[in-house]
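>
Number of protein chains: 4
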Amino acid sequence: MAVRKRDALTVTEQARRAQIVHAAIDTIAETDYARASFTAIARRAGLSSTGMISYHFAGKQDLIDEVMRTVLADFTDFVVARSAADTAAGRLAAFIVANNEFLREHRNHLVAMLRIQTAAPDSENAGILAASDRAKLADLLASGQRAGEFRDFDTDMMAGFILSLRNGVIARTAAEPGFDLATCTSELLTAIRSATEV
Amino acid sequence: MAVRKRDALTVTEQARRAQIVHAAIDTIAETDYARASFTAIARRAGLSSTGMISYHFAGKQDLIDEVMRTVLADFTDFVVARSAADTAAGRLAAFIVANNEFLREHRNHLVAMLRIQTAAPDSENAGILAASDRAKLADLLASGQRAGEFRDFDTDMMAGFILSLRNGVIARTAAEPGFDLATCTSELLTAIRSATEV
Amino acid sequence: MAVRKRDALTVTEQARRAQIVHAAIDTIAETDYARASFTAIARRAGLSSTGMISYHFAGKQDLIDEVMRTVLADFTDFVVARSAADTAAGRLAAFIVANNEFLREHRNHLVAMLRIQTAAPDSENAGILAASDRAKLADLLASGQRAGEFRDFDTDMMAGFILSLRNGVIARTAAEPGFDLATCTSELLTAIRSATEV
Amino acid sequence: MAVRKRDALTVTEQARRAQIVHAAIDTIAETDYARASFTAIARRAGLSSTGMISYHFAGKQDLIDEVMRTVLADFTDFVVARSAADTAAGRLAAFIVANNEFLREHRNHLVAMLRIQTAAPDSENAGILAASDRAKLADLLASGQRAGEFRDFDTDMMAGFILSLRNGVIARTAAEPGFDLATCTSELLTAIRSATEV
DNA sequence: CATGAATGAGGATTCATTCAT
DNA sequence: CATGAATGAATCCTCATTCAT
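From first to last, the protein sequence lines are chains A, B, C and D. First residue of the first sequence: 1, per our numbering; consecutive thereafter. First residue of the second sequence: 1001, per our numbering; consecutive thereafter. First residue of the third sequence: 2001, per our numbering; consecutive thereafter. First residue of the fourth sequence: 3001, per our numbering; consecutive thereafter.
#1: According to DSSP, which residues form a beta bridge with residue 3150/D?
#2: Helix, strand or coil: how does DSSP classify residue 3010/D here?
#3: State the DSSP-derived secondary structure class of residue 56/A, mapped to helix, strand or coil.
#4: Of all the CB atoms in chain C, is at least one closer than 8 Å to the CB of residue 3187/D?
#5: At least one CB of chain C closer than 8 Å to the CB of residue 3160/D: is that the case?
#6: Contact between the stretch 3031-3045 of chain D and the stretch 3081-3096 of chain D is defined here as three or more beta-carbon pairs at a separation below 8 Å; is this criterion met?
#7: Just the chain A side, please: which residues come within less than 7 Å of residue 1165/B by C-beta, in chain order?
#8: So residue 2039/C contacts chain B; which residues on that side make the cut at Cβ distance below 9 Å?
#9: Just to confirm, is the Cβ distance from residue 2113/C to residue 2071/C under 8 Å?
#10: Does the separation of the CB atoms of residue 3028/D and residue 3116/D fall below 8 Å?
#11: Under 8 Å, Cβ to Cβ, is there at least one residue of chain A near residue 1194/B?
#12: For the stretch 3058-3069 of chain D against the stretch 3158-3178 of chain D, do three or more pairs of beta-carbon atoms, one drawn from each stretch, fall closer than 8 Å, so that the two count as touching?
#13: For the alpha helix (DSSP H) that residue 169/A lies in, which residues bound it at each end?
#14: Residues of chain B with CB closer than 9 Å to the CB of residue 2050/C, please, in chain order.
#15: Once DSSP output is grouped into helix, strand and coil, what is the label at residue 4/A?
#16: Using a threshold of 8 Å, state whether the C-beta atoms of residue 2146/C and residue 2198/C are closer than that.
#17: Taking only three categories from DSSP, how would you classify residue 2141/C?
#18: Hey, is residue 2006/C's beta-carbon within less than 8 Å of any beta-carbon in chain D?
#19: Closer than 7 Å by C-beta to residue 172/A: which residues in its own chain qualify, once you throw out the five before and the five after it? Chain order, please.
#20: Tell me whether residue 2015/C is buried or exposed, calling it buried when 16 or more other Cβ atoms sit within 10 Å of its Cβ.
#21: Could you check the C-alpha separation between residue 3074/D and residue 3103/D for me, to the nearest Å?
#22: Express the C-alpha separation of residue 1055/B and residue 1037/B in angstroms, rounding to a whole number.
#23: Please determine, among 3003/D, 3157/D, 3097/D and 3111/D, the residue with the shortest C-alpha to C-alpha distance to residue 3182/D.
#24: Find the residues of chain D that neighbour residue 2135/C, judging by a C-beta separation of less than 8 Å, and give them in chain order.
#25: Looking only at its chain, what residues have a beta carbon closer than 7 Å to the beta carbon of residue 1024/B, apart from the 5 residues adjacent to it on each side?
#26: Let me see if you follow: with CB-CB separation under 8 Å, is residue 3055/D close to chain C or not?
#27: Which residue from 59/A, 174/A, 184/A and 137/A puts its Cα closest to that of residue 107/A?
#28: Let's see if you can read the secondary structure: which residues bound the alpha helix (DSSP H) around residue 2112/C?
#29: Flag residue 3171/D as yes if its beta-carbon sits less than 8 Å from any beta-carbon of chain C, otherwise no.
#30: Any beta-carbon of chain A closer than 8 Å to the one on residue 1034/B?
#31: Roughly how many whole angstroms lie between the Cα atoms of residue 1/A and residue 1026/B?
#32: Can you check whether the C-beta of residue 2115/C is within less than 8 Å of a C-beta belonging to chain D?
#33: Residues of chain B with CB under 9 Å from residue 2042/C, in chain order?
#34: Assuming residue 1092/B contacts residue 1140/B under a Cβ cut-off of 8 Å, what Cβ separation, rounded to an integer in Å, is found between them?
#35: With distance defined between alpha-carbon atoms, name the residue in 1189/B, 1155/B and 1046/B nearest to residue 1019/B.
#36: When you compare only the Cα positions, how much space is there between residue 3100/D and residue 3185/D?
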C-alpha cells in the first residue's frame, strides 16, 4: 500500500488484510471495543508487530471500516442466498431466519459490528450502511404492501423496527452465553408476522 | 472525599457530582464512549483539571456507574409516573409512549446509556439492569396474558423484543438528527399492539 | 503558624502537631514511606482534611523533620534514663538493652525512623542526627578505652558498627513479625562484649 | 515486547534493558528511591520518553525486581569468586573483604539495593533475598562451629548481625562521601573475628 | 515485505498545597 | 482554628504510528 494507490492489491496483501480483519473481529467481539488495540489484534493474528497492521491499513479507522465492509459483505451474501421466496412475507421470514442463522454461525461478526456501530458512530460506513440496509428492507415491505400481503404501515419505520429486533437478538446473544436462539427465532417470526400481516 | 471514607455527601459535593455526571452524559452522547476521557468531561464541566473528577469519584468506573444510576433513576421515575392504566395493554402502551417522550426530552441520557451498555459490557450495572428491566416488563406481559388481553407468547422473549425496539428508537434518534419521533411512536404502538393482542 | 513565627506555639497547636506526628509515624511504620501521603496520615489522625496538616506544618519535609526530631527525642530520653552504670562497658550494655527495650515498646517509632533515613536521605536531620548519635557513642567507647575496659579500636568505626547492629535489629523486627527479640538481645550483648573487650 | 508474550530476548532488547536497569540503579543511588520516577530514569538513560521503559518492562515493579536481580547476581558472582578459603573463618573474612571491595567498585549497586529493601518492603525479592542470604551465611557459621573455629552462638542471629554490619557500611558509604572504607574493612574484620572466635 | 524498536501524545490517577468560608 | 473543595503538577502506563534494518 505504501506507495501504490488503492487500485490493485496483490494476493498476499489481500490475504494479510483478511487475516488482520478477522483477528480484529474476534478481538472486538470477545473483549471490548476499547480493548481492541493494535497490540491485541496483532497478537491474535499471530503477527510479530503492530507495524504490520499500520503497513497494511492507513490507520485504525481504515481497519475498522474494512471490518464493517467485510462483515456486511459476508452477511449480505449469506442472507441474500437464502432469502428467495415467492411472496414478500416469505422473503421477510426468510430474512429473519437467515439473520439468526448467520448469527449462530458467525456470532463474532455481528457482535463486532454492533459494538462498532454504537461505540464509534462516526465510522465512515456505520451510519450509511445502516441506512442502505434499512432502505432495502423497506422496499421489500413496500412490495408486500402492494401485493396486499402486509397491512398499511410506514415502511421505513417498520424496517427500522425489524432491524432493531435483529440487533437486539445480537446484543442478547453477546450478553447471555446460553441464550436460546431457536426459540427466539420462532417467537420473532410470529411476532413480526402478527405485526405486519393485513 | 479525599480523607473521609464515605458517609453522607455534602450539598456542594452532591452538586459537583451531578455536574460532572451530566457533563459525562453529554460528552458520551455527543461524541463517543471512547472519546469521553476525563479531559473531555472536565472541559465540558468547566473544571480546572481532571483531578477534580478523581476527587469526587473513586475512578472512571465509579463515574460511569453513577451515570447509569442517574439515567436509570430519572428514566424510571419518568416512566413510572405515566404508566398508570387500567389494563395491561394500556400500561404497555403507556410504557412505550413514556419511553419516547423521555427520549425526546432527554435524548442524551438515553444515548449515553445505550453506548455504555454496548461499549462497556463489564460495567457493574449494564447487564444487570438490562435483565431486571426485562424481567419487570415480562411480568407486565404475563399479567396481560392471564387477563386474556395478550395472546400466548414467551414473555421473556417478547419483553426483549420490546426493549430492543426501544433501543432501536434511541439509536436512530442518536444517528438521525431530524428523525420523526411522533410518527415512530404511533407506528410502534400499532406494531406492538398487533404483535401482542390476542 | 500562618503569620506568627516559630517562637511560641499554643498548647492546642502543640497538641495538634503531636497528634499529626504520631499518625505519621504509625502510617510510615505500618505501610510504607511512599504510601504515607497526607491523606493517609490525616485519615489515621482522625482529621477531616489534609489542609490541617499543611496548616500546622510548613510542608511535607517539615513534618518528616518533626517526626525525626520526636522519635529521636523520645528515644534519647528513654535510653539516657537507663544507661547509668559505673563502667563504660556497663553503660554500653545498658545502651544495647535500652535500645531493644525501646524497640519492643515503640516499634513504630524506630521503624519509621529507619525508613525515613534510608528512603529520604536528604532530610534536614537524617544525616546529622546519625552523625551526632555516633559521636556520642564514640565518646563512650573512648572513655572505656581510657579506662582500660575496651581494647584498642577506631571508636568512630566501632560506634558505627554498633549502630548498624541496632538498625539491623530494627529492620528485622519490622520485617519478621515473630522475631525473637529477647534472644537477639542476649546474643547481641555477648557479641558486642567479645568484639570490644580487651 | 509489545506484541510478543515472552520467550527469548533479542540482543538489542537485552542491551536496552540493561541500560535502563543501570540508569535506574544510578538514579536510586544518587537521589532517592521516591524520586526515582520513570521520567528521571528515562532522562538519565537518554531515552526519549518514559514509554520506552514501559515498552521494555511490564511495570515499575518489574523494573525494580530486575534491578534487584541484577545487583544480586553481580554481587553474588563477585563475592563467590573471592570467598574461597580453607577454613570457615577464612571464608567469613573473605566474605567481608569481598563485600567491601564490591562496595568500593560498585557503590551505586549496593546503595540502590539497600534503599529498595527498606523503602519497598513488598518487592518480590526484597524480603526473600534477605532471608536466603542470611541462611547461607548461617550455614557457613554453623560449619565453622562444627569445626571448632567459632564459639557457640545462635548462627541465625549472628548471620543477621554480620549482614547488618555490611548494610551499615553501605549506608555510611552512601551518606559520607569521603568515608574511609579501607580502615573500616580492617576494623570490621577484627571486630567480627573477636565476636566469633572461640 | 516483515520485524521490532522507538516515539510522543494522551490516558487515569495521586499528591501536596492553597484558600474561601 | 477547622473544614473541605479546588488546583495543577507529576505519577505510571497504553496507544497508534513511524522507521531503520
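Glycine is no exception: its CB is placed at the ideal position from the N, C-alpha and C atoms. Keep in mind the model is a prediction, meaning the values are calculated, not measured.
Taking the structure as given:
#1: 3197/D
#2: coil
#3: Helix.
#4: yes
#5: yes
#6: Verdict: no, contact absent.
#7: 161, 164 and 165
#8: 1002 and 1003
#9: yes
#10: yes
#11: yes
#12: no
#13: 155-175
#14: 1002 and 1003
#15: Because the pLDDT of residue 4/A is 45, which lies under 50, any placement of that residue in the model is unreliable, and the number read from its coordinates should be weighed accordingly. Here DSSP, grouped into helix, strand and coil, assigns residue 4/A to coil.
#16: no
#17: helix
#18: Residue placement at residue 2006/C is flagged as unreliable, the pLDDT there being 47, under the threshold of 50; a coordinate-derived value is accordingly withheld.
#19: 179
#20: Under this definition residue 2015/C is an exposed residue.
#21: 11 Å
#22: 15 Å
#23: The residue with the shortest Cα to Cα distance from residue 3182/D is 3097/D.
#24: Within chain D, no residue comes near residue 2135/C; the closest Cβ sits about 13 Å away, beyond 8 Å.
#25: Same-chain partners within the cutoff: 1036, 1041, 1063 and 1067.
#26: Answer no: the Cβ-Cβ gap between residue 3055/D and chain C never drops below 8 Å.
#27: Just measuring C-alpha positions, the residue of 59/A, 174/A, 184/A and 137/A sitting nearest residue 107/A is 174/A.
#28: Taken as a continuous stretch (DSSP letters only), the alpha helix (DSSP H) holding residue 2112/C covers 2107-2119.
#29: yes
#30: yes
#31: Unreliable positioning characterises residue 1/A in this predicted model, as indicated by a pLDDT of 45, which lies under 50. A coordinate reading is not provided.
#32: yes
#33: 1002 and 1003
#34: That belief holds up - the Cβ atoms of residue 1092/B and residue 1140/B are roughly 6 Å apart, short of 8 Å.
#35: 1046/B
#36: 7 Å
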